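Following: one structure in structure tokens, then a few remarks.
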Amino acid sequence: MKLLQANAGAKRMTEVFDDFVEMSALAFRNAVDLRGRDEREEQYLRTAGRYDREELDRFGHALALVVKAMGAEPCDVLGRLYMELALGNDRLGQFFTPYDVARLMAGMHIETLADSVRTCGFARLYEPTCGAAAFIVAVSQEMQSTGLNPQTQLHVTAEDIAPQAVHMAYVHLSLLHIPAVVHRRNTLTLETFDSWPTPAHVLGGWGWKLRWTDAVRELQTLLGATPPQCTAQARS
Ligand SMILES: C[S@@+](CC[C@H](N)C(=O)[O-])C[C@H]1O[C@@H](n2cnc3c(N)ncnc32)[C@H](O)[C@@H]1O
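Numbering (our numbering), first residue to last: 64 to 299.
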């Protein structure tokens with residue numbers, strides 16, 4: 064909080080936070096995703112250009128603290144920061160679930176997810192209004208505590224209309240190496256603005272894997288069989 068507040072100066076805190084999570088997400092994505100890399104690099108430099116050297120170093124330091132915190136004990140580090148800085152947008156209902164509650168909810172889903180892993184090889188999770196991805200982080204923790212591996216046995220589709228939520232979720236899921244695509248999307252009108260595949264999604268070839276799984280399911284349906292249920296949906 065102190066590092067971001069020190070960068071506020073003449074800027075509003077909300078702008079500083081949004082720039083911080085946007086630059087962090089862009090840096091992670093550009094490390095592995097070559098498609099559209101140059102445009103994203105330009106976007107990064109445009110945002111970074113609004114800060115001086117000392118301020119950029121503070122962002123780097125703040126991101127290092129996020130990495131350290133997520134490594135020590137994964138939780139909703141950025142969502143909590145966002146709430147503590149009172150940046151939640153009331154109009155969008157941005158009240159993020161406290162992490163303990165997210166963990167409790169994840170515990171209620173774990174049997175369904177474990178069933179999917181047993182029958183489909185991996186579980187798919189859909190979070191239509193993901194915020195900073197507290198629930199998904201909690202699911203990954205819950206999977207680990209029951210001997211499942213969220214880095215190989217889970218694929219997440221997460222959506223949120225707010226760019227900063229998409230960026231926070233992307234940073235969390237990238238750091239935990241969870242295969243996921245985070246869409247900036249209006250889940251009511253179904254309009255999609257952009258899509259952010261995590262490094263684990265790109266490096267694990269999940270695009271092909273999911274297309275193949277969907278094709279097999281369609282074939283099973285065509286042949287009159289009922290494909291197994293492999294997707295769980297989060298309820299915000
Ligand atoms: C109550 S918060 C829940 C966030 C997260 N699921 C959690 O439990 O921490 C609701 C989220 O929905 C998002 N949102 C609001 N309207 C939306 C819409 N039409 N489409 C997609 N997301 C929306 C907000 O940006 C916010 O992040």
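Yeah, the Cβ is synthetic: ideal placement off N, Cα and C, and Gly gets one too.
Predicted, not measured: the structure shown is a model, and the values here were computed from it.
Let me know the secondary structure DSSP gives residue i once reduced to three states.
i, result
"residue 166", "helix"
"residue 150", "coil"
"residue 114", "coil"
"residue 161", "coil"
"residue 257", "strand"
"residue 136", "coil"
"residue 188", "strand"
"residue 296", "strand"
"residue 183", "helix"
"residue 103", "helix"
"residue 156", "coil"
"residue 171", "helix"
"residue 73", "coil"
"residue 194", "coil"
"residue 177", "helix"
Please report the residue range of the alpha helix (DSSP H) in which residue i lies.
i, result
"residue 217", "Premise fails: residue 217 lies in the beta strand (DSSP E), 217–223, not in any alpha helix (DSSP H)."
"residue 233", "226–238"
"residue 207", "197–208"
"residue 85", "76–93"
"residue 281", "269–285"
"residue 214", "It is not in any alpha helix (DSSP H) - residue 214 carries neither H nor E in the DSSP assignment."
"residue 262", "262–266"
For residue i and residue j, which I take to be in contact (beta-carbon distance under 8 Å), what is that distance rounded to the nearest angstrom?
i, j, result
"residue 77", "residue 150", "5 Å"
"residue 218", "residue 275", "So it is not a contact: roughly 12 Å between Cβ atoms."
"residue 133", "residue 239", "7 Å"
Looking at the C-beta of residue i, does it have a partner C-beta in chain D at a distance below 7 Å?
i, result
"residue 143", "Any reference to chain D falls outside this structure, which holds one protein chain only."
In the DSSP assignment, the beta strand (DSSP E) including residue i goes from what residue to what residue?
i, result
"residue 246", "243–249"
Got a sec: does ligand 2 put a non-hydrogen atom nearer than 6 Å to the Cβ of residue i?
i, result
"residue 257", "Questions concerning ligand 2 fall outside what the structure shown contains, since the ligands it does hold are ligand 1."
Quick check: the stretch 87–98 against the stretch 225–235, are at least 3 beta-carbon pairs closer than 8 Å? yes
Closer than 8 Å is the cut-off here; do at least three beta carbon pairs connect the stretch 204–211 with the stretch 165–175? yes
Between the stretch 208–227 and the stretch 237–249, do three or more beta carbon pairs fall short of 8 Å? yes
Can we say the stretch 189–197 touches the stretch 136–145, given the rule of at least three CB pairs closer than 8 Å? yes
With three or more C-beta pairs closer than 8 Å as the rule, is the stretch 250–269 touching the stretch 152–162? no
Touching by the beta-carbon criterion (3+ pairs, under 8 Å), the stretch 222–230 and the stretch 248–259: yes
Please confirm if the stretch 288–295 is in contact with the stretch 176–184, defined as three or more CB-CB distances below 8 Å between the two stretches. yes
Between the stretch 256–265 and the stretch 89–106, can you find at least three pairs of beta-carbon atoms closer than 8 Å? yes
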